[in-house]
Amino acid sequence: MHWFPASLTVAFLAASEAALLKKFFGRERPLQMAALPMLYILPVFLPLLAFMLASGRSLAAPAEFWWITAALVPLNSLGLLLQFAAVNLSPLSLTMPLLSFTPAFVVLVGYAWLNETVSPAGMAGIMAIVAGSYVLNLGSFRRNDVLAPFKALFREPGSRMMLWASLIYALCAVMGKRQVQLMDPFFSAVVFWCLAAPFILLTLRLTGHIHIRPMLRRPTLGLAVGLAMSGHFLLHMYAVALIQTAYMISIKRLSGLFSVLLGMAMFGERKVGPQLAGSLLMFLGVLGLTLGG
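In the UniProt record's numbering, the protein residues as written are 1 to 293.
Below, the structure is given as structure tokens:
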């Protein structure tokens, strides 16, 4: 599969898992809701790991792979915790738009670590997607001041946390790219999440932020979310192995556009103005990426 349809599928799956979580588990506390997919990807990834090992796949890998994996597990968890702490401390309209800057950070981190470069058309496409995603998020919360999230950086701790989360996610994306340079993408995804999911669940449980038993009440719906997220993670690693990390992460940010469409279809949400402007910018960005990438 070409990198573009793979990345686009990742964006759709990411939006789908969020929509399923909201529809069926929206009454849960934020961290409880965030932890639920971590529980339900294990029935998918643990058998996959067992199958890989039974098929003769060895856990032998370069030492660098294991060092990166060991660093990624707590780092990815920190990004998740910062993201949810941010939305708990400050308004969504002053936090969520800042998550749109991950692709821009990926350009810098990817160049510094992996010497990845993007073409001028690709860079223009990335910036258009960042701007479109920002406008899309901003419009979802009815903010008229386009600079409000930036102004909030000086007074809102949640806004600063979200910007840090965006930077951490960029670093994680580039580290994930290094993983698939060392080992195949599916093995990398399965091994990482077989370690990361229990780590996240255990950390949140020991700190009293989640309870496991309530998450087991609707296993069929939970498994549907787990399947969507498992497909998201597997295709993410596959796509990032095929193209520069910044290109893939930029297309993945189209999940915001898919979220708007799913919100209209599943929840009857009707928001037009900013969403159309953001969608147009993102479309132009995708055009730039396909021409430049």
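Idealized CB from N, CA, C, for every residue including glycine.
In the three-state reduction of the DSSP assignment, residue 220 falls in the helix class, which pools H, G and I. Along the length of the UniProt domain "EamA" (161 to 290), whole alpha helix (DSSP H) runs at least 4 residues long occupy 185 to 206, 212 to 215, 219 to 240, 245 to 252 and 255 to 267, reported in chain order. Going by C-alpha positions, residue 246 is about 20 Å away from residue 280.
Check the Cα spacing between residue 52 and each of 78, 187 and 178: the tightest is with 187.
Shown here for residue 171: same chain residues with a beta carbon closer than 6 Å to its own, the five before and five after excluded, namely 109 in chain order.
Per DSSP, residue 154 lies in no alpha helix (DSSP H) segment and is marked neither H nor E. The closest CA to that of residue 128, considering only 151, 41, 251 and 59, is found on 251. The beta carbon of residue 182 sits closer than 7 Å to those of 61, 62, 64 and 65, all from its chain and outside the five residues before and after it, given in chain order.
By the neighbour-count criterion, in which 16 or more other beta carbons inside 10 Å mark a residue as buried, residue 112 falls on the exposed side. Between residue 6 and residue 259, the CB-CB gap reaches or exceeds 9 Å.
Taking 8 Å as the upper bound for CB-CB distance, residue 288 and residue 44 are not in contact here, some 35 Å apart. Bounds of the alpha helix (DSSP H) holding residue 54 are 42 to 54.
The criterion of a C-beta distance shorter than 9 Å is satisfied by residue 134 and residue 278. Look at residue 106 here: in three-state DSSP terms it is helix. Taking the CA atoms as reference points, residue 75 sits about 14 Å from residue 198. Under the DSSP assignment, residue 88 falls in the alpha helix (DSSP H) whose first and last residues are 63 to 89.
The three-state reading of DSSP puts residue 58 in coil, since its state is none of H, G, I, E or B. Exposure of residue 212 is indicated by the presence of fewer than 16 other C-beta atoms within 10 angstroms of its C-beta. For residue 240 against residue 125, the beta-carbon gap comes to about 17 Å, at or over 8 Å, which does not count as contact. With the rule of 3 Cβ pairs closer than 8 Å, the stretch 95 to 106 counts as touching the stretch 145 to 161.
The shortest C-alpha to C-alpha distance from residue 173 to any of 26, 41, 71 and 4 is the one to 71.
Separation of residue 216 and residue 204 (C-alpha to C-alpha, rounded to the nearest whole angstrom) is 16 Å. For the pair residue 284 and residue 132, the CB atoms are nearer than the 9 Å cut-off.
Here the alpha carbon of residue 42 sits roughly 36 Å from the alpha carbon of residue 118. Taking 9 Å as the cut-off, the beta carbon of residue 222 is found closer than this to the beta carbon of residue 40. For residue 79, the number of other beta carbons within 10 angstroms of its own is at least 16, and it is reported as buried.
Going by DSSP, residue 10 is part of the alpha helix (DSSP H) stretching over 3 to 25.
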